[in-house]
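Below is one structure, written out as structure tokens; the observations come after it.
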Amino acid sequence: MAWKSRTRNLQVFDTELSADTVEWCPVPSSHDILACGTYQLQKGTGEDDAPPSRTGRLYLFEFRREGSMSPPLTELQRMDTPAILDLKWCHVPVSGGAVLGMAAATGELQLYTLSESQEGGRSLQALSSLEVGAERLALSLDWSTGRMHSSDVRVVCSDSAGCVSVLSLAEGTLTALSQWKAHDFEAWISAFSYWDTQLVYSGGDDCKLKGWDLRLGPSCPIFTSKRHSMGVCSIHSNPHREHILATGSYDEQVLLWDGRNMRQPLSESPMGGGVWRLKWHPTHQHLLLAACMHNDFHILHCQQALEGSGGACPVVASYILHNSLAYGADWSQLSLEKPAPSSPPAAEPKESLTESGGHLRIQYESPTASFDTSLEDDSGQYIAEGTAAPSTTPTAGPALNSEDSPSMFSLLSSCSFYDHMLHVWRWDWTPDEAPHESEQC
């Protein structure tokens with residue numbers, strides 16, 4: 218089986234500060250909400266040799282398509298914050314509202330609630346914060362609510378001192394439940410098993426992937442894997458298939474695991490760049506989004522690997538329009554009702570850019586330099602690129618999302634670091650029996 222697959226840029230936004238994390242809201246009433254976090258190192262000046270400071274900014278956007286003459290992303294709010302290392306929305310409402318968690322360079326876990334004004338505008342309001350440790354950076358967080366139903370809302374957070382902390386959220390207040398030294402160096406990533414939320418995974422700069430059973434206490438991990446050869450910086454539990462775990466590392470490999478046997482991964486896929494973030498598709502159990510630092514963003518199809526083939530997962534789509542480190546990426550759960558009309562794709566796999574056939578739009582190789590040329594007409598009005606408007610009533614996923622569906626249309630966002638860019642894009646995918654070698658990455 219081959220795939221007809223293309224990605225199409227919808228909008229580019231300059232975040233001004235270095236962008237490293239983007240998250241679409243998973244709460245059904247707010248699927249059109251996108252958050253983006255930035256991290257900027259400010260070096261000390263003057264003769265006093267002041268230590269560098271880390272500053273950030275939190276952006277809130279709304280995705281809407283009221284007409285073809287305006288960009289779909291509207292900025293709702295921006296607030297100056299400490300430098301942001303990670304953002305994650307709680308998957309379920311808390312006290313009736315969506316809650317965003319932020320891992321900050323001050324060593325704090327900060328929570329914000331999405332509020333709506335009487336005029337209908339939406340904004341983030343501070344809810345609660347807790348310092349996980351002094352003189353350290355909070356590096357990652359994950360919620361226990363990944364399967365979209367939970368009465369026990371907890372957060373796991375990792376930090377630059379190699380520690381992992383588990384916190385509870387009750388009545389709008391964060392409370393520390395436990396903290397332990399998990400890794401010798403930075404604990405880049407921590408995550409819950411969404412199927413058994415007493416299980417926590419962590420990865421660190423000591424090249425180790427570890428599992429922890431909170432019922433047994435943190436004195437000893439239930440497993441330690443040294444299968445990655447460099448620092449482990451991404452982990453995501455599959456919310457659709459029990460026991461399935463994806464991990465990524467600076468060693469440029471994506472490993473898929475069955476949590477019942479952590480001695481050997483189910484598959485290993487080389488990505489050509491350090492794998493900073495991994496995200497399973499919100500409704501399709503076999504699709505995995507990878508942010509690969511020096512090698513762009515890729516979507517892997519993991520079905521054969523999860524069925525025991527043992528081979529690398531094929532890449533069915535790539536988004537190559539960023540000019541800097543690929544750090545943040547996420548799927549939206551907004552519905553795209555119909556495919557885009559047939560027109561030149563905005564991005565092709567890198568290997569196909571040298572092909573003489575087709576209608577490749579080479580100007581897209583440098584989006585920060587050619588954005589105006591690519592997405593605006595002579596009068597400066599926005600060109601909609603033939604994209605379909607999302608449903609006015611968001612659904613729980615893409616309009617066509619069953620395993621046997623012939624087509625899929627997804628909305629995604631990604632961000633890159635040094636060029637401080639946030640991109641919103643769509644992916645159209647159709648299985649096809651005929652081979653399309655130029656579309657393989």
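Residue numbers (the working numbering): 218 to 658. Yeah, the Cβ is synthetic: ideal placement off N, Cα and C, and Gly gets one too.
Under DSSP, residue 376 forms a beta bridge with 355. Only buried fits residue 226, as 16 or more other CB atoms lie within 10 angstroms of its CB. Residue 639 sits in a strand when the DSSP states are folded into three classes. At a Cβ-Cβ threshold of 7 Å, residue 252 and residue 304 count as neighbours. Going by beta carbons, residue 271 and residue 290 fall outside the 7 Å limit. Per DSSP, reduced to three states, the secondary structure at residue 522 is helical. Per DSSP, reduced to three states, the secondary structure at residue 345 is strand. For residue 255, the enclosing beta strand (DSSP E) starts and ends at 250 to 255. In this structure the segment 359 to 369 does not lie against the segment 332 to 339, because fewer than three pairs of beta carbons, one per stretch, are closer than 8 Å. With a cut-off of 8 Å on Cβ pairs, the segment 480 to 488 is not in contact with the segment 387 to 404, counting fewer than three such pairs.
In this chain, the beta strand (DSSP E) harbouring residue 305 covers 301 to 306.
Under the DSSP assignment, residue 271 falls in the beta strand (DSSP E) whose first and last residues are 270 to 280. Burial state of residue 420 is buried, judged by a 10 Å Cβ sphere holding 16 or more other Cβ atoms.
Here DSSP, grouped into helix, strand and coil, assigns residue 487 to strand.
Three or more pairs of CB atoms, one per stretch, sit closer than 8 Å, so the segment 401 to 421 contacts the segment 442 to 455. Excluding the 5 residues flanking it on each side, residue 536 has same chain C-beta neighbours closer than 7 Å at 224, 513, 514, 564, 631 and 642, in chain order.
Nearest to residue 550 by C-alpha distance, out of 532, 499, 398 and 534, is 499. Residue 406 is bridged by DSSP to 420.
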